[in-house]
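Chemist:
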Amino acid sequence: MNTTITYREAVRQAIRFWMEKDERVFLMGEDVGHYGGSYAVSMGLLERFGAERIIDTPLSESTFTGAGIGAALGGMRPIVEIMTVNFSLLALDQIMNNAATLLHMSGGQFNVPLVIRMATGGGKQLAAQHSHSLEGWYAHIPGLKVLTPATVQDAYDMVGLALADPDPVLIFENSLLYNTKGLLDTEAMPLPIGKAHIHRTGTNLTILAYGIGLFKALEAAETLAAEGIDAEVIDLRSLRPLDDDTIMNSVRKTHRVMIIDEGWKSGSISAEIMARINEQAFFELDAPMGRVCTAEVPIPYAHHLEQAALPQSDKIVAMAHKIMEEA
Amino acid sequence: MDLNLAKEFYRQMLLIRRFEEKCVELYSKEKIRGFLHLYIGEEAIAVGVMHALTLDDAVFATYREHGHALARGISPNKIMAEMYGKVEGCSHGRGGSMHIFDTETRFYGGSAIVAGGLPLAVGMALSDKMMKRNRVTVCIFGDGAVAEGEFHESLNLAALWHLPLLFICENNRYAMGTALEFTESETNISLKAAAYRITSRQIDGMDVIAVAEASQQAISEIRAGNGPIFIECLTYRFRAHSMFDAELYREKSEVEEWKKNDPLLLLHQHWPDINIEEYESEIAAIIDEAVNFAENGTLEPLEDLEKFVYSPKGVQ
Numbered sequence: 052m053n054t055t056i057t058y059r060e061a062v063r064q065a066i067r068f069w070m071e072k073d074e075r076v077f078l079m080g081e082d083v084g085h086y087g088g089s090y091a092v093s094m095g096l097l098e099r100f101g102a103e104r105i106i107d108t109p110l111s112e113s114t115f116t117g118a119g120i121g122a123a124l125g126g127m128r129p130i131v132e133i134m135t136v137n138f139s140l141l142a143l144d145q146i147m148n149n150a151a152t153l154l155h156m157s158g159g160q161f162n163v164p165l166v167i168r169m170a171t172g173g174g175k176q177l178a179a180q181h182s183h184s185l186e187g188w189y190a191h192i193p194g195l196k197v198l199t200p201a202t203v204q205d206a207y208d209m210v211g212l213a214l215a216d217p218d219p220v221l222i223f224e225n226s227l228l229y230n231t232k233g234l235l236d237t238e239a240m241p242l243p244i245g246k247a248h249i250h251r252t253g254t255n256l257t258i259l260a261y262g263i264g265l266f267k268a269l270e271a272a273e274t275l276a277a278e279g280i281d282a283e284v285i286d287l288r289s290l291r292p293l294d295d296d297t298i299m300n301s302v303r304k305t306h307r308v309m310i311i312d313e314g315w316k317s318g319s320i321s322a323e324i325m326a327r328i329n330e331q332a333f334f335e336l337d338a339p340m341g342r343v344c345t346a347e348v349p350i351p352y353a354h355h356l357e358q359a360a361l362p363q364s365d366k367i368v369a370m371a372h373k374i375m376e377e378a
Numbered sequence: 335m336d337l338n339l340a341k342e343f344y345r346q347m348l349l350i351r352r353f354e355e356k357c358v359e360l361y362s363k364e365k366i367r368g369f370l371h372l373y374i375g376e377e378a379i380a381v382g383v384m385h386a387l388t389l390d391d392a393v394f395a396t397y398r399e400h401g402h403a404l405a406r407g408i409s410p411n412k413i414m415a416e417m418y419g420k421v422e423g424c425s426h427g428r429g430g431s432m433h434i435f436d437t438e439t440r441f442y443g444g445s446a447i448v449a450g451g452l453p454l455a456v457g458m459a460l461s462d463k464m465m466k467r468n469r470v471t472v473c474i475f476g477d478g479a480v481a482e483g484e485f486h487e488s489l490n491l492a493a494l495w496h497l498p499l500l501f502i503c504e505n506n507r508y509a510m511g512t513a514l515e516f517t518e519s520e521t522n523i524s525l526k527a528a529a530y531r532i533t534s535r536q537i538d539g540m541d542v543i544a545v546a547e548a549s550q551q552a553i554s555e556i557r558a559g560n561g562p563i564f565i566e567c568l569t570y571r572f573r574a575h576s577m578f579d580a581e582l583y584r585e586k587s588e589v590e591e592w593k594k595n596d597p598l599l600l601l602h603q604h605w606p607d608i609n610i611e612e613y614e615s616e617i618a619a620i621i622d623e624a625v626n627f628a629e630n631g632t633l634e635p636l637e638d639l640e641k642f643v644y645s646p647k648g649v650q
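From first to last, the protein sequence lines stand for chains A and P. If you want the working numbering, it's the position in the first sequence, counting the first as 1, plus 51. If you want the working numbering, it's the position in the second sequence, counting the first as 1, plus 334.
(1) Give the residues of chain P in contact with residue 127 of chain A, contact being defined as C-beta atoms less than 9 Å apart.
(2) Any residues in the stretch 199–227 of chain A with a beta carbon nearer than 8 Å to a beta carbon of chain P? Which ones, in chain order?
(3) Quick one, which residues of the stretch 290–305 of chain A are near chain P if we go by CB-CB under 7 Å, in chain order?
(4) Got a sec? Which residues, its chain only, sit under 6 Å from residue 135 of chain A by beta carbon, not counting five neighbours each side?
(5) Between residue 212 of chain A and residue 421 of chain P, what straight-line distance do the alpha-carbon atoms span, to the nearest angstrom?
(6) Assign residue 388 of chain P to one of two classes, buried (16 or more other C-beta atoms within 10 Å of its C-beta) or exposed (fewer than that).
(7) On the DSSP letters alone, give me the boundaries of the alpha helix (DSSP H) that residue 206 of chain A sits inside.
(8) Apply the 10 Å Cβ neighbour rule to residue 607 of chain P and answer buried if 16 or more other Cβ atoms are within range, or exposed otherwise.
(9) Counting C-beta neighbours from all protein chains within 10 Å, is the total for residue 534 of chain P 16 or more, i.e. buried, or is it exposed?
(10) Please report how far the alpha carbon of residue 210 of chain A lies from the alpha carbon of residue 137 of chain A, in whole angstroms.
(11) Spell out a yes or no on whether the stretch 520–532 of chain P and the stretch 443–453 of chain P are touching, meaning 3 or more CB-CB pairs, one atom from each, closer than 8 Å.
(12) What do you reckon, are the CB atoms on residue 285 of chain A and residue 328 of chain A nearer than 9 Å?
(13) Is residue 629 of chain P helix, strand or coil when you go by DSSP?
(14) Give me the Cα-Cα distance between residue 417 of chain P and residue 342 of chain P, rounded to the nearest whole angstrom.
(15) For residue 149 of chain A, would you say it is in contact with chain P, using Cβ-to-Cβ distances shorter than 9 Å as the test?
(16) Please go through the same chain and pick out, in chain order, the residues whose beta-carbon is closer than 8 Å to the beta-carbon of residue 375 of chain A, but skip the five residues on each side of it.
(17) Measure the CB-CB distance between residue 271 of chain A and residue 201 of chain A and report whether it falls below 9 Å.
(18) Quick check on the burial criterion: 16 or more other C-beta atoms within 10 angstroms. Buried or exposed for residue 363 of chain P?
(19) Give the interface partners of residue 435 of chain P over in chain A, defined as CB-CB distance under 9 Å, in chain order.
(20) Give me the Cβ distance between residue 203 of chain A and residue 175 of chain A, rounded to the nearest whole Å; I'm assuming they're in contact under 8 Å.
(21) Chain P partners of residue 107 of chain A, CB-CB under 8 Å?
(22) Which of the three DSSP states, helix, strand or coil, is assigned to residue 442 of chain P?
(23) Can you give me the Cβ contacts of residue 618 of chain P inside the same chain, cut-off strictly under 8 Å, excluding the 5 residues immediately before and after it?
(24) In the DSSP assignment, find the unbroken alpha helix (DSSP H) run with residue 358 of chain P in it and report its ends.
(25) Buried or exposed: where does residue 372 of chain A fall if 16 or more other Cβ atoms within 10 Å of its Cβ makes it buried?
(26) Decide if the stretch 575–586 of chain P is in contact with the stretch 534–549 of chain P; the criterion is three or more beta carbon pairs, one per stretch, under 8 Å apart.
(27) According to the neighbour-count rule (16 or more other Cβ atoms, all chains shown, within 10 Å of its Cβ), is residue 639 of chain P buried or exposed?
(28) Would you say the beta carbon of residue 155 of chain A comes nearer than 8 Å to a heavy atom of the ligand FMN?
(29) For residue 374 of chain A, which beta-bridge partners are listed by DSSP?
(30) Is the stretch 563–571 of chain P touching the stretch 335–351 of chain A, taking contact as three or more C-beta pairs under 8 Å?
(31) Determine the extent of the alpha helix (DSSP H) in which residue 274 of chain A is found, giving its start and end residues.
(32) In chain order, what residues of the same chain have a beta carbon less than 8 Å from the beta carbon of residue 152 of chain A, not counting five sequence neighbours either side?
(33) Mind listing which residues of the stretch 420–435 of chain P have their C-beta closer than 8 Å to chain A's C-betas, in chain order?
(34) Put residue 197 of chain A into one of helix, strand or coil per three-state DSSP.
(35) Ignoring anything shorter than 3 residues, give me the beta strand (DSSP E) runs that lie fully in the stretch 69–147 of chain A, in order along the chain.
(36) So, using beta-carbon positions, are residue 130 of chain A and residue 214 of chain A closer together than 9 Å?
Next comes the structure, spelled out in structure tokens:
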């Protein structure tokens, strides 16, 4: 069925759908119950499912994330919500040393079917301890899968994809997307994990983006189209695994590439993608690759500084001009 | 408690002791590498606790877990092969001494992050409670774990959620080489647990009978739905922290003093009818077989290097 709803409502509908379908699924995290979720994603779920399956936790990120791992080992399908990616660092030990390693350390005996959702990204003047985009960091870790839903459809689909996966899956929801509206088709077959999606086909330039960067890229592509530059815009959807095939096929078509990265440039997912293009499609390039990343500064509070720190469509347009001018 | 059970406890503790002595020998021959943390001196805890469990119960242990694994009933062959890094090892050679795992006995490691296993045990016990399964999860850790935040977070959640969880703290007085009194303002660990409203006991961890009785009592209370229980076992490790430890932080006389409470010695004093010679040859044969098994094991082919990072297709 097709409906137009918000990203927030799409995540909530997906959680509700899977909790109704599968008694092993439960939601656990700070303020997910009585408060309704710090971003109101779980509003109403406590009333629907009760406190045994919508579990308010103390401010103990490490232990409730570890408890999610333990419950997954015990046959459950937990969804752990961490309030923001910055707070997830308090649980990094559990995510890295247990969730990502148990299958391997046990020689394949114990898989961890855990879903961890968290808000990511800046733009709300929440300063340097609430606004970062560390999904690229998590993509460094073998054993994890890292999803970055941009659209309402993916916000819905990725909950189900992650729950169906036998291994730990991290879902990064950019907090500026929660109020965005889009079309949701709950009957549609979801695009699998690890598959990128071409949102706009083009012939002159490939723009690779994920999460909120997708919309900045699409906006830039409209400006560029008016100038006669036909950009192809690809939503990566998953930062681990990366869809090398879709990326390289587009490079072979357009021969020019730009990456939009909400994280910092140094040691970033955009650096990884550039390296892969170098390894796999270097001779297809007609110009040096470009990228628009977050400035290398902790996110500042002041509105104008924060906006200047984040990737924006005008910067994408400027970078496109630069790439197009290179022979 | 009868003579037959006392004999069985003695046999199991002796197996752990001799197994680890063999590990030291193999380490010096470079057959075993990496870290090797010996349990010698602490055997009474593993044997006493495991006796109280059924195969349905779950165990989360630490990196000093050879004794727990043996007492839980994991085959010495598979444990030794793991030490050798062979495919036949209980963790396929991917874990080594610190990461022993076994589905059959619900043995979930083998965690080398101090206190890192406590949250997992909380989650496992939570799953049992949610699914209304009558199982108990046992979580074993050392006194070093008490300093970690996860210790406090986990005790709080276990009590708050009324989980079927038995905490076993092996207080051997040293977190690696730093004595408890240098790191804790309150060195009575059972008091910390009590502060979280967990039924908490401090017992003699060198006395296998005391450990077994306290564990059995605790397990039956937990199974009856009375929530988590915390047992602090006072113990001592006779050997160095690992093979790299020069033991500069404690006096030899202190070690000798504690050896008077050797769990094997204590049990024999209590049950003089145990013929302590009776088990040596049987255990020597078990260990010989384990070494043979490990020696003859296979090294995993290099093309399998990236296995076990993600589940194979079809796994749910």
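C-beta: ideal position from N, C-alpha, C; glycine also.
Modeler: Taking the coordinates as given:
(1) In the first sequence, counting from the first residue as 1, residue 127 of chain A sits at position 76. The answer, in chain order, is 457, 460, 461, 464, 465.
(2) 217, 218
(3) none
(4) Mapped onto the first sequence, residue 135 of chain A falls at position 84. Result list for residue 135 of chain A: 170, 181, in chain order.
(5) Translated into positions along the first sequence, residue 212 of chain A becomes position 161. Translated into positions along the second sequence, residue 421 of chain P becomes position 87. Computed Cα separation, rounded: 32 Å.
(6) Counting from one through the second sequence, the residue named residue 388 of chain P turns up at place 54. Answer is exposed; the Cβ neighbour count stays below 16.
(7) Translated into the one-based positions of the first sequence, residue 206 of chain A becomes position 155. 203–215 is the span of the alpha helix (DSSP H), which, as asked, contains residue 206 of chain A.
(8) Along the second sequence, one-based indexing puts residue 607 of chain P at 273. Burial call: exposed.
(9) Residue 534 of chain P sits at position 200 when you count from the first residue of the second sequence. With 16 or more Cβ atoms within 10 Å of its Cβ, residue 534 of chain P is classed as buried.
(10) The residue given as residue 210 of chain A occupies position 159 in the first sequence. The residue given as residue 137 of chain A occupies position 86 in the first sequence. For residue 210 of chain A and residue 137 of chain A, the distance between alpha carbons rounds to 21 Å.
(11) no
(12) In the first sequence, the residue the question calls residue 285 of chain A occupies position 234. In the first sequence, the residue the question calls residue 328 of chain A occupies position 277. Cβ distance not < 9 Å, so residue 285 of chain A and residue 328 of chain A don't count as in contact.
(13) Residue mapping note: residue 629 of chain P aligns to position 295 of the second sequence, counting from 1. It is helical.
(14) For this step, residue 417 of chain P is matched to residue 83 along the second sequence. For this step, residue 342 of chain P is matched to residue 8 along the second sequence. Those two C-alpha atoms are separated by around 26 Å.
(15) For the purposes of this step, residue 149 of chain A is identified with residue 98 of the first sequence, where counting begins at 1. Yes, residue 149 of chain A lies at the interface with chain P (some Cβ there is under 9 Å from its Cβ).
(16) One-based indexing of the first sequence puts residue 375 of chain A at position 324. Counting only Cβ-Cβ distances below 8 Å, and skipping sequence neighbours, we find 255, 256, 280, 307, 338.
(17) If you number the first sequence from 1, residue 271 of chain A lands on position 220. If you number the first sequence from 1, residue 201 of chain A lands on position 150. Not a contact, by the Cβ cut-off of 9 Å.
(18) As a working mapping, residue 363 of chain P is identified with position 29 in the second sequence. Exposed.
(19) Working through the second sequence from its first residue, we reach residue 435 of chain P at position 101. Per Cβ cutoff of 9 Å: 153, 156, 157, 158, 160, 161.
(20) In the first sequence, residue 203 of chain A corresponds to position 152, counting from 1. In the first sequence, residue 175 of chain A corresponds to position 124, counting from 1. In fact, because the Cβ distance is near 20 Å, the residues do not count as touching under 8 Å.
(21) For the purposes of this step, residue 107 of chain A is taken as the residue at position 56 of the first sequence. Neighbours of residue 107 of chain A on chain P: none; closest Cβ ~10 Å, over 8 Å.
(22) By one-based count along the second sequence, residue 442 of chain P stands at place 108. DSSP places residue 442 of chain P in strand when its eight states are reduced to three.
(23) Translated into positions along the second sequence, residue 618 of chain P becomes position 284. So the list reads 352, once near-sequence residues are dropped.
(24) To locate residue 358 of chain P, count along the second sequence from 1; it is residue 24. Note, residue 358 of chain P: alpha helix (DSSP H), 337–362.
(25) Counting from 1 along the first sequence, the entry for residue 372 of chain A is found at position 321. By the neighbour-count rule (16 or more Cβ atoms within 10 Å), residue 372 of chain A is not buried but exposed.
(26) no
(27) Residue mapping note: residue 639 of chain P aligns to position 305 of the second sequence, counting from 1. Exposed, because fewer than 16 other Cβ atoms sit within 10 Å of the Cβ of residue 639 of chain P.
(28) Only the bare structure without any ligand can be found here, which leaves the ligand FMN out of the picture.
(29) Along the first sequence, one-based indexing puts residue 374 of chain A at 323. Looking at the DSSP assignment, residue 374 of chain A forms no beta bridge with any residue, so it has no partner.
(30) no
(31) Counting from one through the first sequence, the residue named residue 274 of chain A turns up at place 223. Looking at the DSSP string, the run of the alpha helix (DSSP H) that includes residue 274 of chain A is 264–277.
(32) Here residue 152 of chain A corresponds to residue number 101 of the first sequence, with the count starting at 1. Cβ within range, chain order: 194.
(33) 423, 424, 425, 426, 427, 428, 429, 433, 435
(34) Residue numbering aside, residue 197 of chain A sits at position 146 when the first sequence is read from its first letter. Here residue 197 of chain A sits in strand by DSSP.
(35) 76–80, 105–107, 128–135
(36) Taking the first residue of the first sequence as position 1, residue 130 of chain A is located at position 79. Taking the first residue of the first sequence as position 1, residue 214 of chain A is located at position 163. For residue 130 of chain A and residue 214 of chain A, yes; Cβs fall inside 9 Å.
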